[in-house]
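Here's the structure, in structure tokens; my notes come after.
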Amino acid sequence: MQTINSLLNTFKVVTTGFPAVAALGAHSKGVQEVVLSTLAPAALLDKGITEFYALEIPRDAKLASAEEIIAANLPVRKFSVSVASIVDLDTVIVSRHQGTVDILKETYPDAIVLASIDAEDIKGKHVVGTLPPHLIAACAAYTSVSIKDYDFAKDGDISGQELLDRIIVAPDAICVKEIVHTIFISLLDPRDPSYGAPMTYTSGDHEYLKVVLGQYLDSLNYVMYTHPSGVQVSAEGTISYGWFSDGDLAELLGKIDNLNGM
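So the sequence shown is numbered by the working numbering: it starts at 16 and just counts up by one.
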């Protein structure tokens, strides 16, 4: 899986959201722009952003600066976001905040309330509440709910008129899907410690996978690339010991670029 360090080294990362995340952009080294954000996907869509990266932050992690995030080298995932239809979908409310649940039940009286979930709990459903991007991607449609200027230390028991004044329910449901590019690599070079052991790399962007391929060019034997649509292309080495030549790699990268509409 791609990490924050590989993202920063490969792209010009435009960052928004929490201060520590917003400060990461200054550490990026590439030219091609990508978005990394902790903002709600609905807020990104309102800004015209339809693809973005998100950090996979461990529960209860306390990362107060960009430098701490870089040192932890957290995984990143890439997502697409679009407007979704909620017709014929069962609705569930996901929130641990009772005041929020009470307000949402007025709009969705028949909705089941869940305090904690996994992906299977919300598969194929319309979720109203607050979820991280990787779980938003598991449901069919998502209506985000937030509290303006929420501070966990002070607002854990917010209720009544103050909650009504500050609660924000997105006007439209959205659909968020993870974008996954995968390459399967088989190495033939007996000098390589991974001799005979195939490796699989998964990334939110095929440009990063090209970087991975370049690192193993002298020992590549067989590569299969899987596009997010599920379409696969592959290539085998043709020179001594089955290693890839520059021509073999160029042919494979051409196939990958064609799949990605480049």
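C-beta: ideal position from N, C-alpha, C; glycine also.
The beta carbons of residue 194 and residue 238 sit no closer together than 8 Å. Residue 262 and residue 224 have their alpha carbons spaced roughly 18 Å apart.
Residue nearest to residue 94 within the set 59, 122, 104 is 59 (criterion: CA-CA distance). Comparing alpha-carbon positions, the option among 267, 217, 230, 235 lying closest to residue 90 turns out to be 217. Residue state for residue 192 is assigned as strand, using DSSP reduced to three classes.
About 3 Å separates the beta carbon of residue 32 from that of residue 53, a gap short enough to meet the 8 Å contact definition.
A residue is called buried when at least 16 other Cβ atoms come within 10 angstroms of its Cβ; residue 120 does not meet this threshold and is exposed. At a Cβ-Cβ threshold of 8 Å, residue 159 and residue 145 count as neighbours.
Taking 8 Å as the cut-off, the Cβ atoms of residue 274 and residue 246 count as close.
Bridge pairing for residue 235: 202 [DSSP]. The continuous beta strand (DSSP E) containing residue 247 extends over residues 247-251. Nearest to residue 139 by alpha-carbon distance, out of 213, 164, 214, 107, is 107. For residue 59, the enclosing alpha helix (DSSP H) begins and ends at 56-61. In this structure, the alpha-carbon of residue 133 lies about 11 Å from that of residue 147. Under DSSP, residue 221 shares a beta bridge with no residue.
Here residue 98 carries a strand assignment [DSSP, helix/strand/coil]. According to the DSSP assignment, residue 175 belongs to the alpha helix (DSSP H) that extends over 175-181. The alpha carbon of residue 100 has as its nearest neighbour, out of 189, 142, 81, the alpha carbon of 189. Unbroken beta strand (DSSP E) runs of no fewer than 3 residues, entirely contained in the region 101-125, are found at 106-109, following chain order. With contact defined as three or more Cβ pairs closer than 8 Å, the region 78-92 and the region 38-46 are in contact. With a beta-carbon spacing of about 6 Å, residue 151 and residue 56 fall inside the 8 Å limit used to define contacts.
Put simply, of 51, 19, 30, 264 the residue whose alpha carbon is nearest the alpha carbon of residue 252 is 264. Assignment of residue 90 by DSSP, reduced to helix, strand and coil, places it in the strand class.
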